[in-house]
Amino acid sequence: MDDSILLGGAAHAFRLIASGDARVYEAAFTSIWISCTATAFASAIGLPLGFFTAIGRFKGRVLLVAILNTLLALPTVIVGLFVYALIRRVSLLGPLDLLFSPGAMIVGQTFLAIPIVAALCLTAIETLDPAARETAFTLGASRKRLLLTVAWEARHGLLVAVAVAGGRLIGEVGVSMMLGGNITHYTRTLTTAIALETSKGEFAVAMAMGLILLALALGLNLLLRWIQGMRGGRLG
Amino acid sequence: MKRRVLGLLGSAIWLLSISGPACKKETAIKLATTTSTDNSGLLDVLLPAFTKESGIQVHVIAVGTGKALKHGENGDVDVVLVHARAAEERFVQDGFGVNRRDVMYNDFVILGPRDDPAGVGGMKEARKAMAKIAESTAYFVSRGDDSGTHEKEKELWKAAKVKPSGKWHLSVGQGMGVCLTVADEKQGYVLADRGTYLAYREAIDLSILVEGDPALFNPYGVIAVNPAKHPHVKHAEAMKLIEWLCSPAGQEIIAGFEKNGGKLFHPAAGR
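Residue numbers (our numbering), protein chains in the order written: chain A, 1 to 236; chain B, 1001 to 1271.
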């Protein structure tokens, strides 16, 4: 391993952050808002999906669980291809002119994250102590009340589901590259910028951006932990 | 429930679509080009000058030549700027593009290890050098990604009457930069555009062994996506870009562009 890449990268990262390098801040900002928006959409769809798969009693439940878990293996490029086929200008959603825009990236990342959120939510609820549910039942809790109880009991797991999805999205390249197009000042995220700088042979810059990306992910995770701790402290 | 989710998704997509492109006041066109063009830094000088004059923003999508043309075929972009003459002519013949114009050219060089095990250093004809490399035991690193550079490799192999296959032919399937790094690590031969080589010169231990053969010239063409095939393309704006690139103003910027101590492109419009 060439240490000029590692050490140079670390040094370069500090320089870029300290000097307020516009390219890096812009890409970081794009990464954050796109991934956060997509995580929000994916949670809005994935959490209910996981929830009802976990507690529902319906035909094909086992199959749905298997499908959700299988979709965790989905390569980002395939998600990109799938969404590309949906939104390219000659297709169904073509008139929206989404391709190569932040909107396209959000749609793609949402699809990528839905199975993650749903599968982890499902696991979080399935691994709950069934006694809690039983108790609520015997106490004569209404259905709505029961759902809230289960959600509350599983809150840590649900938060983890959202955090994992967010982490996955902020670090993914395939969807962003394919649907966003890595356009300067528009759809360039930290990850696509890293891919670009690497292809240009600017290894130190790429490594620096990678370190900044990791720092961002750490920040987001600490924030979530903090929310978790705060909630837990206040309520129980 | 299902309805509500679908509704939510629908409105979300609608929101995205209006908040995306609509919030920019200037018109923006999409240009698909090759990574080597974008990596050279030329577009960072060229396009802002065009935007200043015309008020038209240009969004650059940098991919391999094959994919850039594919995006043109599918109407994903409004205009393409690529370097693969044969593929460009096919693109126009098949009705996907109109108004193809020569913009500029740069050239390819054959790089190899300093000790030059195949003994091609200083050869005047690229095809003979390629044949010699094939005969030797040294590696040849290929782009293998349908890029313009890959097309040129294939053209040269054909001229050399060599079928590039076997352990010595490493098809990497990635960009020029990665190929240079691989060629450096493996101390093999590689065909590279001069721009990328100059950018990498300090980082790699390979030198130029063959250059200057007209067969190594690398002409760039700009083509508007055919509005008859894809009515949604911004044809008028795309044509403005093409006209401007070939105008004295555009050509002058191309001629004056220097990087890493060398001129990378030579204007070619009106030749």
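In this text, a Cβ means the ideal position worked out from N, Cα and C, and glycines have one as well.
Counting of Cβ neighbours within 10 angstroms places Asp129 (chain A) among the exposed residues, the total staying below 16. If you draw a 10 Å sphere on the C-beta of Asp1213 (chain B), you find 16 or more other C-beta atoms in it, and that means buried. In the three-state DSSP reduction, Lys1161 (chain B) falls in the coil class, being neither helix nor strand. Checking the DSSP bridge columns, you'll see Ile1110 (chain B) partnered with B:Leu1191 and B:Val1210.
DSSP places Gln1174 (chain B) in the coil class of the three-state scheme, outside both helix and strand. When secondary structure is reduced to three states using DSSP, Phe14 (chain A) falls in the helix class. Against Ala1192 (chain B), chain A offers no close residue; the least beta-carbon distance is about 12 Å (beta-carbon pairs closer than 7 Å). Excluding the 5 residues flanking it on each side, Leu213 (chain A) has same chain C-beta neighbours closer than 6 Å at Leu190, in chain order. The CB of Ala1203 (chain B) comes closer than 7 Å to the CB of Gly201 in chain A, given here in chain order. Taking a C-beta distance under 8 Å as the contact criterion, Ala1084 (chain B) and Gly1166 (chain B) do not qualify as a contact pair.
When rounded, the separation of the alpha-carbon atoms in Ala1192 (chain B) and Asp21 (chain A) is 31 Å.
Put simply, of A:Leu223, A:Ala206 and A:Asn182 the residue whose alpha carbon is nearest the alpha carbon of His1059 (chain B) is A:Asn182. When secondary structure is reduced to three states using DSSP, Asp1102 (chain B) falls in the strand class.
Under the Cβ criterion of 8 Å, Ile1223 (chain B) is not counted among the residues facing chain A. In this structure Pro75 (chain A) is exposed. Its beta-carbon is surrounded by fewer than 16 other beta-carbon atoms within 10 angstroms. In the DSSP assignment, Lys1263 (chain B) is bridged to B:Glu1258. Within a 10 Å sphere around the beta-carbon of Gln1093 (chain B) sit fewer than 16 other beta-carbons, which makes this residue exposed. Leu112 (chain A) and Leu169 (chain A) have their C-alpha atoms roughly 8 Å apart.
Flagged as an interface residue toward chain B: Val90 (chain A), by a C-beta distance shorter than 8 Å. Within the model, the alpha-carbon separation for Gly1075 (chain B) versus Ser1207 (chain B) is close to 40 Å. Taking C-beta atoms under 8 Å as the contact rule, Leu1111 (chain B) and Tyr1220 (chain B) fail to qualify, at a distance of about 21 Å.
Chain B has a Cβ within less than 8 Å of the Cβ of Leu99 (chain A). Rounded to the nearest whole angstrom, the C-alpha separation of Leu139 (chain A) and Val117 (chain A) is 31 Å. Listed in chain order, the positions of the stretch 1036 to 1069 of chain B with a beta carbon within less than 7 Å of a beta carbon of chain A are Asn1039, His1059, Val1060, Ile1061 and Ala1062. The count of Cβ pairs closer than 8 Å, one atom from the stretch 99 to 111 of chain A and one from the stretch 147 to 164 of chain A, stays below three, leaving the stretches out of contact. Around the beta carbon of Thr135 (chain A), a 10 Å sphere encloses fewer than 16 other beta carbons of the protein chains shown; the residue is thus reported as exposed.
Pairing Leu179 (chain A) with Gly108 (chain A) gives a Cβ-Cβ distance under 8 Å.
For Ala118 (chain A), the uninterrupted alpha helix (DSSP H) run begins and ends at Pro102 to Glu126, by DSSP.
Shown here, Pro1219 (chain B) sits in a strand according to DSSP, grouped into three states. Secondary structure note for Lys1132 (chain B): its alpha helix (DSSP H) is the uninterrupted segment Ala1126 to Glu1135. Between the stretch 25 to 34 of chain A and the stretch 43 to 50 of chain A there are fewer than three inter-stretch CB-CB distances shorter than 8 Å, so the stretches are not counted as touching. Around the beta-carbon of Glu1151 (chain B), 16 or more other beta-carbon atoms lie within 10 Å, marking it buried. Among the residues of chain A, those whose CB is under 7 Å from the CB of Ala1199 (chain B) are Lys200 and Gly201, following chain order. For the pair of segments examined, the stretch 1112 to 1132 of chain B was found not to touch the stretch 1031 to 1048 of chain B: the number of CB pairs separated by less than 8 Å stays below three. With a cutoff of 8 Å on beta-carbon distance, Tyr1189 (chain B) and Tyr1139 (chain B) are scored as near each other. In this model, Leu211 (chain A) and Leu218 (chain A) are separated by some 10 Å (Cα to Cα).
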